[in-house]
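Trainee: Please find one structure pasted underneath; my questions will follow.
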Amino acid sequence: AEMAESSMAMETEGDGADTQQKNKGSASGLSISLHPLVIINISDHTTRKKALNNGQQQRVLGVLLGTQEGRNVELCNSFELDYKIVDGKLQIDMGYLEVKQEQYKKVFANYEPLGWYSSSTQRLAPGETLPRDIELHREIAAIIENPLYLLLDTTDGAGIRDLPVNIFESEVHIIDETPTLTFAKSAYHLETEEAERVSVDQVSHLLPTGGASASSAMSSHISSVHSAIKMLQKRIQAILVLLQAIQAGEAPQDHQLMRMVASLCHRLPATQTADFKAEYLEVYNDTLLVTYLSAMTKGTNSLNDLIDKYNVAFERSTRRRGLF
Numbered sequence: 020a021e022m023a024e025s026s027m028a029m030e031t032e033g034d035g036a037d038t039q040q041k042n043k044g045s046a047s048g049l050s051i052s053l054h055p056l057v058i059i060n061i062s063d064h065t066t067r068k069k070a071l072n073n074g075q076q077q078r079v080l081g082v083l084l085g086t087q088e089g090r091n092v093e094l095c096n097s098f099e100l101d102y103k104i105v106d107g108k109l110q111i112d113m114g115y116l117e118v119k120q121e122q123y124k125k126v127f128a129n130y131e132p133l134g135w136y137s138s139s140t141q142r143l144a145p146g147e148t149l150p151r152d153i154e155l156h157r158e159i160a161a162i163i164e165n166p167l168y169l170l171l172d173t174t175d176g177a178g179i180r181d182l183p184v185n186i187f188e189s190e191v192h193i194i195d196e197t198p199t200l201t202f203a204k205s206a207y208h209l210e211t212e213e214a215e216r217v218s219v220d221q222v223s224h225l226l227p228t229g230g231a232s233a234s235s236a237m238s239s240h241i242s243s244v245h246s247a248i249k250m251l252q253k254r255i256q257a258i259l260v261l262l263q264a265i266q267a268g269e270a271p272q273d274h275q276l277m278r279m280v281a282s283l284c285h286r287l288p289a290t291q292t293a294d295f296k297a298e299y300l301e302v303y304n305d306t307l308l309v310t311y312l313s314a315m316t317k318g319t320n321s322l323n324d325l326i327d328k329y330n331v332a333f334e335r336s337t338r339r340r341g342l343f
């Protein structure tokens with residue numbers, strides 16, 4: 020994917036070219052669309068890292084996935100990156116990156132890596148990036164052509180007024196007759212689909228215990244529909260009991276009531292047609308299929324977690340024997 024004038028036109032060899040950061044807007048003219056799923060993934064990644072680090076903030080890295088058509092870039096999904104700190108510098112596990120990239124390519128054939136993301140553990144001025152981000156950007160650029168860089172501010176108080184997300188493009192400028200790689204802040208806009216809006220609404224009402232509050236729009240709607248169906252069932256049951264009592268001679272016949280019941284039944288002629296039954300069975304089978312697939316997905320995730328734990332616990336022996 021070509022990102023026009025935001026490209027890294029050349030790679031400087033060794034340490035001959037200095038790197039700088041510039042707080043200015045990009046002139047590439049890219050139209051960048053950011054989906055909420057990306058932000059949710061990064062937030063979840065940050066929260067899990069913080070929990071595993073005894074409540075201490077820890078920087079997270081990952082790759083951005085999406086599509087690009089001309090100057091329109093759409094960031095739809097992301098996956099995590101593994102790294103380690105050596106002599107105070109971050110070193111990305113490139114082997115892990117390539118493996119994850121191939122795996123996601125099989126599942127999301129339409130998505131391609133468009134950049135990388137990082138969280139910030141320190142408060143930054145608008146448009147600024149973290150130290151040595153340029154070096155990480157160069158490493159990512161060796162695998163992903165002309166990557167974008169998304170920085171999420173996870174410090175306390177961030178996002179009170181605006182969304183704490185900045186997206187940068189890389190540009191090469193000639194400074195003091197030396198090619199210098201810089202970051203240029205890019206404008207973006209949020210784009211959501213119906214499924215994402217439901218998910219974001221549900222996530223925004225999650226309680227600290229992990230349960231969902233009843234104040235979300237989807238929960239309220241489903242609760243209202245359930246109450247209406249339950250009330251309808253009770254009233255139909257009351258009418259049925261009365262009709263059975265009249266038929267058995269236990270209650271006097273009320274012709275006006277019988278006409279009202281007949282009128283009610285005549286309002287639903289479609290429920291007895293073959294087309295309705297076929298459509299109902301199709302919807303019912305689709306629902307069962309989705310439920311079955313969800314159960315399979317949960318089982319697969321649990322199995323993957325078990326395998327990961329086994330590999331961590333018996334890393335040496337599995338390396339020799341080649342299990343999993």
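Mapping to the numbering used here: the sequence shown position 216 is 235, numbers consecutive.
Backbone N, C-alpha and C define an ideal beta-carbon position, used for all residues, glycine too.
On a predicted model such as this, the values are computed, not experimentally measured, just so you know.
1) Can you grab the Cα-Cα spacing for the pair Q76 / L171, in whole Å?
2) For S97, does the count of other Cβ atoms within 10 angstroms reach 16, so buried, or fall short, so exposed?
3) So L94 and L133 are supposed to be a Cβ contact under 8 Å. How far apart are they, rounded?
4) Helix or strand or just coil, what does DSSP make of I58?
5) So who's on the other strand from Q110, going by DSSP bridges?
6) Assign Q256 to one of three DSSP states: helix, strand, or coil.
7) Beta strand (DSSP E) containing V82: first to last residue?
8) If you run the structure through DSSP and keep just helix, strand and coil, what is A203?
9) Can you tell me where the beta strand (DSSP E) holding D172 begins and where it ends?
10) Grab the span of the alpha helix (DSSP H) containing Y329 for me, first residue to last.
11) How close, in whole Å, do the beta carbons of D101 and Y115 come, if the pair is a contact with beta carbons under 8 Å?
12) Excluding the 5 residues flanking T66 on each side, which residues of the same chain have their C-beta closer than 6 Å to its C-beta?
13) If we count Cβ pairs, one from each stretch, closer than 8 Å, do we get three or more for the segment 156-166 versus the segment 205-218?
14) Please classify L261: does DSSP put it in a helix, a strand, or coil?
15) Per DSSP, what kind of secondary structure is I159 in: helix, strand or coil?
16) Pair every Cβ in the segment 241-250 with every Cβ in the segment 72-88, then say whether three or more of these pairs are closer than 8 Å.
17) Check whether the Cβ atoms of L200 and H156 lie closer than 9 Å to each other.
18) Any idea what DSSP makes of T66, helix, strand or coil?
19) Looking at the strands, I want to know which residues DSSP matches up with N185.
20) Are the C-beta of S52 and some C-beta of chain B separated by less than 9 Å?
21) Suppose the cutoff is 7 Å on Cβ atoms and the five residues either side in sequence are ignored; what does the same chain contact list for L261 look like?
22) Look up H208 in the DSSP assignment and give the residues it is bridged to.
23) When burial is assigned at 16 or more other CB atoms within 10 Å of the CB, is E188 buried or exposed?
Mentor: Working from what's here:
1) The sequence position of residue 76 within the sequence shown is 57, counting from 1. The sequence position of residue 171 within the sequence shown is 152, counting from 1. Looking at the two C-alpha atoms, the distance is approximately 13 Å.
2) Here residue 97 is taken as the residue at index 78 of the sequence shown, counted from 1. Buried.
3) Position 75 of the sequence shown, counting from 1, holds the residue named residue 94. Position 114 of the sequence shown, counting from 1, holds the residue named residue 133. Right, their Cβ atoms sit about 6 Å apart.
4) Here residue 58 refers to the residue found at position 39 of the sequence shown. Here I58 sits in helix by DSSP.
5) Counted from its first residue, the sequence shown places residue 110 at position 91. As computed with DSSP, Q110 is found in a beta bridge with K103.
6) Start at 1 with the first residue of the sequence shown, and residue 256 comes out as number 237. Of the three classes helix, strand and coil, the one that applies to Q256 here is helix, per DSSP.
7) Within the sequence shown, residue 82 is the residue found at index 63, counting from 1. It spans 80-88 - the beta strand (DSSP E) in which V82 sits, taken as one unbroken run.
8) Against the sequence shown, residue 203 aligns to sequence position 184. Looking at A203 - three-state DSSP - the assignment turns out to be strand.
9) Within the sequence shown, the letter at position 153 stands for residue 172. The continuous beta strand (DSSP E) containing D172 extends over residues 167-172.
10) Taking the sequence shown and counting its residues from 1, one reaches residue 329 at position 310. DSSP places Y329 in the uninterrupted alpha helix (DSSP H) bounded by 293-332.
11) Your numbering for residue 101 matches position 82 in the sequence shown. Your numbering for residue 115 matches position 96 in the sequence shown. Contact between D101 and Y115 is confirmed by a C-beta separation of about 5 Å, below the 8 Å threshold.
12) Here residue 66 refers to the residue found at position 47 of the sequence shown. Within the same chain, no residue comes within 6 Å of T66 by CB-CB distance, once the 5 residues on both sides are set aside.
13) Output reads no: the segment 205-218 does not touch the segment 156-166.
14) Within the sequence shown, the letter at position 242 stands for residue 261. L261: helix per DSSP, three-state reduction.
15) Reading the sequence shown from its first residue, position 140 is the one you call residue 159. Helix.
16) No, they do not touch.
17) Start at 1 with the first residue of the sequence shown, and residue 200 comes out as number 181. Start at 1 with the first residue of the sequence shown, and residue 156 comes out as number 137. In contact: L200 and H156 (Cβ atoms closer than 9 Å).
18) Taking the first residue of the sequence shown as 1, we reach residue 66 at position 47. Reduced to three states, the DSSP call for T66 is helix.
19) Here residue 185 is taken as the residue at index 166 of the sequence shown, counted from 1. In DSSP, N185 forms a bridge with L170.
20) This model lacks chain B altogether; it includes just one protein chain.
21) Stepping through the sequence shown from its first residue, residue 261 is reached at position 242. Here the set comprises A270.
22) Translated into the one-based positions of the sequence shown, residue 208 becomes position 189. DSSP lists S52 as partners of H208.
23) Indexing the sequence shown from 1 puts residue 188 at position 169. Result: buried.
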